[in-house]
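Protein chains: 2
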Amino acid sequence: MANKTYSMEQTITTLLEEKKYPTLRDILITMNPVDIALLFAELPQEKLPLLFRLLPKEAAAETFVEMDEDSQQLLIQGFSDNELKDVISELYVDDAVDLVEEMPANVVQRILRQADPETRTMINEILKYPEDSAGSIMTTEYVNLRPSMTVDDAIKHIRRNGVDKETINTCYVTDKNRKLIGIISLRTLLINDESEDIQDLMEENVISAQTLDDQENVTKLFKKYDLNALPVVDNENRLVGIITVDDAIDVMQEETTEDMEIMAGMLPSEKPYLRTGIFETWRNRIPWLMLLMISATFTGQIIASFENALATQVALTAYIPMLMDTGGNCGSQASVTVIRGLSLNEINYADTLKVLWKEIRVALLCGVTLAITNFAKLLVFDHIGIMVAAVVCLTMLCTVLCAKIIGCLLPILCKRLGFDPAVMSSPFITTIVDALSLLIYFNIATALLNL
Amino acid sequence: MANKTYSMEQTITTLLEEKKYPTLRDILITMNPVDIALLFAELPQEKLPLLFRLLPKEAAAETFVEMDEDSQQLLIQGFSDNELKDVISELYVDDAVDLVEEMPANVVQRILRQADPETRTMINEILKYPEDSAGSIMTTEYVNLRPSMTVDDAIKHIRRNGVDKETINTCYVTDKNRKLIGIISLRTLLINDESEDIQDLMEENVISAQTLDDQENVTKLFKKYDLNALPVVDNENRLVGIITVDDAIDVMQEETTEDMEIMAGMLPSEKPYLRTGIFETWRNRIPWLMLLMISATFTGQIIASFENALATQVALTAYIPMLMDTGGNCGSQASVTVIRGLSLNEINYADTLKVLWKEIRVALLCGVTLAITNFAKLLVFDHIGIMVAAVVCLTMLCTVLCAKIIGCLLPILCKRLGFDPAVMSSPFITTIVDALSLLIYFNIATALLNL
Chain P
1 MANKTYSMEQ TITTLLEEKK YPTLRDILIT MNPVDIALLF AELPQEKLPL LFRLLPKEAA
61 AETFVEMDED SQQLLIQGFS DNELKDVISE LYVDDAVDLV EEMPANVVQR ILRQADPETR
121 TMINEILKYP EDSAGSIMTT EYVNLRPSMT VDDAIKHIRR NGVDKETINT CYVTDKNRKL
181 IGIISLRTLL INDESEDIQD LMEENVISAQ TLDDQENVTK LFKKYDLNAL PVVDNENRLV
241 GIITVDDAID VMQEETTEDM EIMAGMLPSE KPYLRTGIFE TWRNRIPWLM LLMISATFTG
301 QIIASFENAL ATQVALTAYI PMLMDTGGNC GSQASVTVIR GLSLNEINYA DTLKVLWKEI
361 RVALLCGVTL AITNFAKLLV FDHIGIMVAA VVCLTMLCTV LCAKIIGCLL PILCKRLGFD
421 PAVMSSPFIT TIVDALSLLI YFNIATALLN L
Chain E
1001 MANKTYSMEQ TITTLLEEKK YPTLRDILIT MNPVDIALLF AELPQEKLPL LFRLLPKEAA
1061 AETFVEMDED SQQLLIQGFS DNELKDVISE LYVDDAVDLV EEMPANVVQR ILRQADPETR
1121 TMINEILKYP EDSAGSIMTT EYVNLRPSMT VDDAIKHIRR NGVDKETINT CYVTDKNRKL
1181 IGIISLRTLL INDESEDIQD LMEENVISAQ TLDDQENVTK LFKKYDLNAL PVVDNENRLV
1241 GIITVDDAID VMQEETTEDM EIMAGMLPSE KPYLRTGIFE TWRNRIPWLM LLMISATFTG
1301 QIIASFENAL ATQVALTAYI PMLMDTGGNC GSQASVTVIR GLSLNEINYA DTLKVLWKEI
1361 RVALLCGVTL AITNFAKLLV FDHIGIMVAA VVCLTMLCTV LCAKIIGCLL PILCKRLGFD
1421 PAVMSSPFIT TIVDALSLLI YFNIATALLN L
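Residue numbers (my numbering), protein chains in the order written: chain P, 1 to 451; chain E, 1001 to 1451.
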């Protein structure tokens, strides 16, 4: 798909130069707004306003939503008040909110001035919810029915009011105090008799979120119950908005990216990689690097305190990296597995002992396999003494065991204490396991080799 | 939500002992099938058949789909042929396919025998598509309209046939050769005049997938175009099925888990962690551990070849772990960022130079910050000579630079060669960077300290 879009770049540029606007328009209206936005991103910015004006109103608004901030700002600055009004009136409220959140203050003022009073109220309503809350990602446009309506009433109501609603596949039934009392799908309306009452057909067992719920937990409801939309209520169960599945998918993906960044020892970034400045990237990466560099000091101190032992058995030094790396890798395998399990709700605090017992057995299997392979390799290829080989392999087994235990327990503990378990992954575990493996190594060496 | 479900366990057990079946039934029918399945998983298995028979037919089938394989198999073995037939006739075809794929052969034979001929044909149809293809996750139940129908015809058709369809929010328009020529939403049907023709209202610019497309790419279309369902066509553009957004979300999540497992040096697992046996977990983890342990041999050889230098400057040994760890961490930061960017299509091969240039600048910023901090620490706290400190810090700077360059380039290269870039993450990068950082360290040391 993407490739097709890009190959069109040249055609569009040529047509633009030749001022063949009707042809350009004919091409653009065959395209999906998402692809139009991708195409625009590849063209010189100064052509944007011209191209944009070729689009029909609705397609223009849909394309506008898909564009990046910089292009959006550029377009708005070139818009007349009327053009701005047209685009804003076609936007869904949640998209308008995203726009307002991203634009600089002077642009925001212009946007709010051109929005009609009802939209302005809705935008301000959503803006007051904290970032990452269910309220902040909902839209306030939905189909609202009353329990006493008949199917016929409902369909007429939808025909009159439903055109602008982001999703009308599910309609929401509220009582006179705006409390959410049921939902009914368009499908149910369609397959039932026109004279039936909504209250007899609606599903009363409604899954909903509260405005202040964490957005990550809200997206888990979509996955768990296979939802297409989720109603959002305030703490008195009054319906205030809905979240649609496409927005839930965006949040899922953002949260996954955040998890991966944290797991690699970075602070989560707000923007896509190529659009983040180098100072911002540096700011996201340096704290953990600094912390981990300083904690690696302990590892150095352990080595320093065994300096004399190492001086008499220099061969031991050569196996330090292998032991540390294997330990680190074993630890991250366990921690990543557990972190992902926790995030998918496949593992709970109650499973701690089950997880620990499993990791101990897997660690013994892995440890023994690695130790035996290594022992053979040390004797056959490295020609080192059998006692030194024994020290290395015994250390290997103990390190693997410790690494897996620490790797599986720390994320669970971290979650239990209310922190993000993703912190307890590779970089952190590696630092701890490094120090531990050295301690094990030198203690076993001291004991077995009489250093 | 989950907590509420679990606290009900005791009540249900007590009611079961007291044989209060009507009460149990009353409780169960207020619950969502997903929660019923969660509740059943917490109760003793021998109670399952009894409880399951209390559910109304439709709820029973919906609960059945949500249960784990073992419980499903247990239930099927206890079912009479008629009971089995009832459950299967209520299943959506894609759920029936999942069931058939998971059950042992003798159970599968019983299932296929009880399915009606039409369902059996559809199941076999889907089963023939390769794993991870669009065909394997689609359902063959959808609403099919003709271009010549009027809105009124269409609504009547849906009323007659739409009840069993997994989604009727979007209807698919095909010509007489079953070729997909348009889509139309239920909403469009509802807000337009009854006498209008479908061909005048339908959207002809349809986004579709081919049966053999990779499921991961298919889910990207859902994200890109904000879809609720996606039609699947064969290579002659004939409509064969649809994929619904809930199944796309499941695939997205599986693919993310797979990525994370690969990134932590594991083979992807088929089953959730707690349901995977220890030998399977061992089999998934040992190949990379073994490979990485053996490649760490090079690191050892580097140290061994500088044994004499180390013997004269034992202090140098103490900083090996810190340099290696910092290098590894810097490398994984870059690689994880790039791997994620590649998977979200935020980074393409064409961006290679842009990525490289960015990472070089970030690496210099990070490297200088770390080197200066470290230099101060070495002089103030460790009281080592200024020349040794200079060696350590210069190595730090070079290692960070190399690590970031390798970390960002390898995933892009890997993708370009057609492999999964996730392989080029922490464990792999660490091993390469370890060897590199030691080479840099000893060469700088030899040069500056005249070893």
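No residue lacks a Cβ here, since even glycine has one placed at the ideal position from N, Cα and C. Keep in mind it's a predicted model, so treat the numbers as computed, not measured.
Comparing alpha-carbon positions, the option among E/1376, E/1048, E/1108 and E/1148 lying closest to residue 1181 of chain E turns out to be E/1148.
When 9 Å is used as the limit between beta carbons, residue 1347 of chain E is near these residues of chain P: 272, 273 and 274, in chain order. Residue 59 of chain P and residue 33 of chain P do touch by the CB rule: their CB atoms are close to 6 Å apart, below 8 Å.
Counting C-beta atoms within 10 angstroms of its own C-beta, residue 284 of chain P has 16 or more neighbours from the protein chains shown and is therefore classed as buried. In this model, residue 305 of chain P and residue 328 of chain P are separated by some 22 Å (Cα to Cα). A straight line joining the alpha-carbon of residue 1236 of chain E with that of residue 1211 of chain E spans about 11 Å. At a Cβ-Cβ threshold of 8 Å, residue 127 of chain P and residue 87 of chain P do not count as neighbours. Per DSSP, residue 1021 of chain E is one residue of the alpha helix (DSSP H) stretching across 1021 to 1029. Straight-line spacing of the CA atoms in residue 1281 of chain E and residue 398 of chain P works out to 19 Å. When the alpha-carbon of residue 141 of chain P is set against those of P/172, P/103 and P/49, the nearest one is in P/172. Taking a Cβ-Cβ threshold of 7 Å, the residues of chain E close to residue 319 of chain P are 1300, in chain order. The DSSP-derived three-state label of residue 1273 of chain E is helix.
One thing to note: residue 1227 of chain E has its Cβ no nearer than 8 Å to the Cβ of residue 1242 of chain E. Short of 6 Å from the beta carbon of residue 1133 of chain E, and not among the five residues preceding or following it, lie these beta carbons of its own chain, in chain order: 1212. DSSP places residue 1407 of chain E inside the alpha helix (DSSP H), whose first and last residues are 1386 to 1416. Listed in chain order, the non-local C-beta contacts of residue 1008 of chain E below 7 Å within the same chain comprise 1039, local neighbours out to five positions each way being set aside. Following the DSSP letters along the chain, one finds residue 1089 of chain E inside the alpha helix (DSSP H) bounded by residues 1081 to 1090. Excluding the 5 residues flanking it on each side, residue 189 of chain P has same chain C-beta neighbours closer than 7 Å at 151, 154 and 155, in chain order. DSSP, read as helix, strand or coil, puts residue 1179 of chain E in strand.
Below 8 Å, too few C-beta pairs join the segment 1373 to 1382 of chain E and the segment 1430 to 1440 of chain E to call them touching: fewer than three. Interface residue (Cβ-Cβ distance to chain E less than 8 Å): residue 330 of chain P is classified as such.
The alpha-carbon of residue 1224 of chain E is positioned some 30 Å away from that of residue 109 of chain P. In the displayed model, residue 117 of chain P falls within a helix according to three-state DSSP. Annotated three-state conformation of residue 77 of chain P is helix, per DSSP. The segment 328 to 342 of chain P makes contact with the segment 403 to 413 of chain P; the number of CB pairs closer than 8 Å reaches 3 or more. For the C-beta of residue 195 of chain P, not a single chain E residue is nearer than 8 Å; the gap to the nearest is close to 15 Å. Secondary structure of residue 1233 of chain E (DSSP, three-state): strand. In this structure, residue 1116 of chain E sits away from residue 1136 of chain E, with a CB-CB distance that is not shorter than 8 Å. In this structure the segment 290 to 299 of chain P does not lie against the segment 354 to 371 of chain P, because fewer than three pairs of beta carbons, one per stretch, are closer than 8 Å. The straight-line gap separating the alpha-carbon atoms of residue 1418 of chain E and residue 1249 of chain E is approximately 25 Å. Comparing alpha-carbon positions, the option among E/1414, E/1423, E/1231 and E/1010 lying closest to residue 1139 of chain E turns out to be E/1231.
Your pair residue 167 of chain P and residue 209 of chain P does not check out as a contact, with CB atoms roughly 16 Å apart and the cut at 8 Å. Excluding the 5 residues flanking it on each side, residue 1403 of chain E has same chain C-beta neighbours closer than 6 Å at 1327, 1330, 1331 and 1433, in chain order. Taking 7 Å as the cut-off between beta carbons, the residues of the segment 1420 to 1433 of chain E near chain P are 1426, 1427, 1430 and 1431, in sequence order.
Closer than 8 Å to the CB of residue 224 of chain P there is at least one CB belonging to chain E.
Residue 1140 of chain E carries a coil assignment under DSSP once its states are collapsed to helix, strand and coil.
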